[in-house]
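Numbering (our numbering), first residue to last: 2 to 455. Note that CB positions come from ideal geometry on N, CA and C, so glycine has one too. Here's the structure we're looking at; comments come further down.
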Ligand SMILES: Cc1cc2nc3c(=O)[nH]c(=O)nc-3n(C[C@H](O)[C@H](O)[C@H](O)COP(=O)(O)OP(=O)(O)OC[C@H]3O[C@@H](n4cnc5c(N)ncnc54)[C@H](O)[C@@H]3O)c2cc1C
């Protein structure tokens with residue numbers, strides 16, 4: 002097994018993979034199209050902060066970076082739902098003291114990973130955009146910001162890891178061989194990032210340790226806290242078609258009127274709304290299904306390059322981080338890269354597809370269902386059932402976000418059974434006191450096997 006590895010992309014997934022490979026004694030190089038963000042030229046247009054959950058934290062711990070990331074984290078204990086009438090309702094994410102997710106600035110996390118990778122001997126080549134991967138000849142082509150082209154010829158059996166994001170060049174090259182295929186499904190909705198500044202004394206203008214959510218049916222606004230008193234807000238709205246949509250919001254008066262009508266409390270905290278709205282791009286969101294993530298031992302895809310997903314479960318980066326841990330674990334005693342990649346493809350792809358589906362489902366929940374009184378009752382019941390049957394009934398959100406030991410595919414299949422149980426148990430009811438706990442208990446015992454306790 003050759004000890005040289007090449008990784009395309011130094012976003013979230015690439016540097017973490019490099020750190021884990023370097024820890025195993027692999028001589029690892031990363032090629033990244035952007036300039037070095039630590040030198041002051043940060044990329045714009047990407048989400049400014051991200052929700053980090055158990056799977057991501059577990060991976061950072063595994064890489065020895067748990068402590069380094071700590072100062073950047075702001076905990077979020079639940080969703081604070083803002084009604085149109087100004088009401089605020091907290092829906093906790095879980096019920097144990099450690100059941101929370103964390104807001105982390107993308108740039109700080111990225112820089113921390115780059116530093117850690119370099120300190121472990123990883124060579125990172127910035128400003129090197131891979132323009133072509135010729136897998137039959139084992140050649141990669143790069144172009145730098147001065148339009149100079151260079152080529153790398155891969156040693157025989159030297160693997161290339163595609164951590165180059167949703168628009169992956171490596172994936173394109175793999176598809177061109179005719180041995181794999183991919184399908185991208187874009188959402189009819191897009192997103193736009195906005196900001197809620199800190200107050201005059203640098204204070205938070207809304208509750209700090211929650212994810213703020215303004216569900217409005219056809220659209221929604223969310224806001225995640227940053228560690229400096231600001232919030233990053235994101236509007237999710239239809240690109241075109243039925244009103245309202247992004248195509249209708251092209252001038253200051255329309256933007257102002259839209260926010261004043263649908264998000265009046267948030268509007269009052271956004272002095273730069275109009276300029277930001279008209280100045281920031283609207284980002285596309287989609288789901289990516291790739292028929293196979295590897296070409297024997299030559300090339301493999303990880304992170305968004307393999308399984309881009311819509312952001313509504315806050316799991317894209319977490320999933321990419323977990324990919325790295327899974328792949329690294331397969332190196333133990335492996336005879337060849339081909340055997341590692343084949344196992345990775347066979348074992349991990351079903352989990353990625355499960356979280357892709359769950360992320361799509363969560364959009365409906367966040368922008369719509371969360372407003373429904375039956376949703377609140379089902380949430381309450383699911384927490385009660387978890388208290389009564391802690392090793393059998395684990396709320397789906399908790400399995401995805403708080404349990405790195407439960408694969409996504411299992412979270413999805415158990416979650417589907419639990420949803421049926423909750424639907425049946427609450428049909429026509431309005432309070433927890435009306436629930437027939439004996440019947441529900443029998444269902445749980447019969448349909449859900451025991452799991453390790455949290
Ligand atoms: C609005 C929004 C909110 C999100 N919120 C969350 C969240 O809360 N939690 C979460 O877990 N995930 C979230 N995500 C998803 C998360 O951003 C991605 O899953 C994550 O960035 C994927 O990491 P990656 O390294 O695989 O890809 P990327 O982060 O896209 O990194 C790819 C890297 O490859 C480089 N590159 C691309 N092409 C080339 C090339 N040809 N040559 C060389 N380099 C190249 C890019 O410059 C980039 O640095 C969100 C996404 C969006 C859009």
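Check, Outcome
"Could you check the C-alpha separation between residue 102 and residue 127 for me, to the nearest Å?", "31 Å"
"Could you tell me whether any non-hydrogen atom of ligand 1 is closer than 7 Å to the CB of residue 192?", "yes"
"Excluding the 5 residues flanking residue 268 on each side, which residues of the same chain have their C-beta closer than 6 Å to its C-beta?", "260 and 261"
"So residue 30 is in the beta strand (DSSP E); what residue range does that whole segment cover?", "28–32"
"Per DSSP, what are the beta-bridge partners of residue 116 in this structure?", "For residue 116, which the question treats as bridged, DSSP gives no partner whatsoever."
"Once the 5 residues before and after residue 448 are set aside, which same chain residues still bring their CB inside 8 Å of it?", "418 and 422"
"Looking only at its chain, what residues have a beta carbon closer than 8 Å to the beta carbon of residue 190, apart from the 5 residues adjacent to it on each side?", "220, 237, 238, 239, 240, 286 and 364"
"If you run the structure through DSSP and keep just helix, strand and coil, what is residue 235?", "strand"
"Looking only at C-alpha atoms, which of 196, 270 and 61 sits nearest to residue 281?", "196"
"Relative to ligand 1, is the shortest distance from any of its heavy atoms to the C-beta of residue 170 smaller than 7 Å?", "yes"
"Using alpha carbons as the reference points, say which of 440, 293 and 383 lies closest to residue 180.", "293"
"Alpha carbon to alpha carbon, how far is residue 202 from residue 72?", "21 Å"
"Following a CB-centred definition, is residue 334 positioned closer than 7 Å to any heavy atom of ligand 1?", "no"
"Exposed or buried, which one is residue 253 when buried takes at least 16 other CB atoms within 10 Å?", "exposed"
"Less than 7 Å between C-beta atoms, sequence neighbours within five positions excluded: which residues of the same chain meet that for residue 57?", "318, 319 and 322"
"Give the DSSP-derived three-state secondary structure of residue 80 in the structure shown.", "strand"
"Report the partner residues of residue 338 according to the DSSP bridge assignment.", "For residue 338, which the question treats as bridged, DSSP gives no partner whatsoever."
"Could you pull out every unbroken alpha helix (DSSP H) segment of at least 4 residues lying fully inside the region 133–161, listed in chain order?", "none"
"Which residues in the same chain have their Cβ closer than 8 Å to the Cβ of residue 430, if we skip the five residues on either side of it in sequence?", "378 and 436"
"Take residue 303 as the anchor and find which of 19, 3 and 395 has the nearest alpha-carbon.", "19"
"Using the three-state DSSP reduction, which class does residue 403 fall into: helix, strand or coil?", "coil"
"Please state whether DSSP places residue 1 in a helix, a strand or coil.", "Outside the displayed span of the chain (2 to 455) sits residue 1, for which this structure offers no information."
"Using only CA atoms, which one of 22, 136, 388 and 390 lies nearest to residue 118?", "22"
"Looking at the secondary structure, which residues open and close the beta strand (DSSP E) in which residue 192 lies?", "183–197"
"Short of 8 Å in beta carbon distance, which residues of its chain neighbour residue 66, apart from the five on each side in sequence? Order them along the chain.", "20, 113, 114 and 117"
"For the beta strand (DSSP E) containing residue 219, list its first residue and its last residue.", "Taken as a continuous stretch (DSSP letters only), residue 219 belongs to no beta strand (DSSP E), as it is neither H nor E."
"Can you tell me which of 344, 445 and 30 puts its alpha carbon nearest to the alpha carbon of residue 129?", "30"
"Cα-Cα, which of 53, 257, 199 and 394 is closest to residue 278?", "257"
"For residue 263, report the span of its alpha helix (DSSP H) as first-last.", "253–263"
"At which residues does the alpha helix (DSSP H) containing residue 175 begin and terminate?", "170–177"
"Can you find a heavy atom of ligand 1 that lies under 7 Å from the Cβ of residue 68?", "no"
"What does residue 163 pair with, by DSSP beta-bridge criteria?", "9 and 302"
"Less than 7 Å separating the Cβ of residue 247 from some heavy atom of ligand 1?", "no"
"Pop quiz: residue 230 and residue 210 are said to be a contact at Cβ under 8 Å. What is the actual Cβ separation, rounded to whole angstroms?", "Incorrect: roughly 13 Å between the Cβ atoms, too far for contact."
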